[in-house]
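Residues 1374 to 1494 in our numbering are what the sequence shown spells out, letter by letter. Glycine is no exception: its CB is placed at the ideal position from the N, C-alpha and C atoms. Note that the structure is predicted; figures quoted are calculated from it, not measured. Encoded as C-alpha cells, the structure appears first; notes follow it.
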Amino acid sequence: MSMYKKEMMESEMVKVISEALRSMKDPRVKGIVSVTRVELSKDYRYGRVYFSIFEEDAKKNEKIFEILKNAKGYFKTRIAKNFRSFKTPELTFVHDRGIKKAFELDKLFKKIKNDERNSES
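Here it is in C-alpha cells:
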C-alpha cells in the first residue's frame, strides 16, 4: 500500500478519534484533551494515538490518561464504524507532551524578552 494511503488513513483516524473524544460522556475529559497524531504500522494492524492533555496538575494528567486508555474499546468501535477495513488496528495510547513543552518554552522566551527590556531601561 502506498505511503499516501497510509497518511490519509492516519489523518482520517485523527478526525474520527477527535470526534469520539468530543462525544465522550466523561466530563473529566471534555475540552482538555486533544489528539495530535496517529501513526499506523505498515500492515495497518497497530496504531499509536498521541494525545495532548492540557491540565497543569500532574496527578489529574495521569488520571485523564488512564481514562483514555480504559476507553480503548470505545475508540476502536468508532474507528470500525467509520472505516471499511478487514481488521481494526490495535490501539496504543501515547501521552504527547510536545505541545505543553512548546507552551512552556514560549512563556520562557517571553519572560527572557521582558527581562531584557527591563534591564535596558
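For residue i, which residues from the same chain have a beta carbon less than 7 Å from its beta carbon, with the 5 sequence-adjacent residues on both sides left out?
i     : result
I1440 : D1399, R1401 and V1402
D1469 : T1409, Y1423, F1424 and S1425
I'd like the list of long-range same chain contacts for residue i, defined as Cβ closer than 6 Å, with 5 residues on each side in sequence excluded.
i     : result
V1411 : E1383, M1386, V1387, G1420 and V1422
A1393 : F1448 and R1451
F1456 : none
By alpha-carbon positions, which one of the options ends up nearest to residue i?
i     : options                       : result
K1433 : F1476, V1406, I1452 and K1415 : V1406
Please classify residue i: does DSSP put it in a helix, a strand, or coil?
i     : result
S1407 : strand
Y1447 : helix
V1402 : coil
E1428 : coil
R1421 : strand
F1466 : strand
Let me know if residue i comes out buried or exposed under the rule of 16 or more other beta-carbons within 10 Å of its beta-carbon.
i     : result
I1485 : exposed
Could you tell me the alpha carbon to alpha carbon distance between residue i and residue j, rounded to whole angstroms?
i     : j     : result
V1467 : F1424 : 6 Å
I1390 : K1483 : 34 Å
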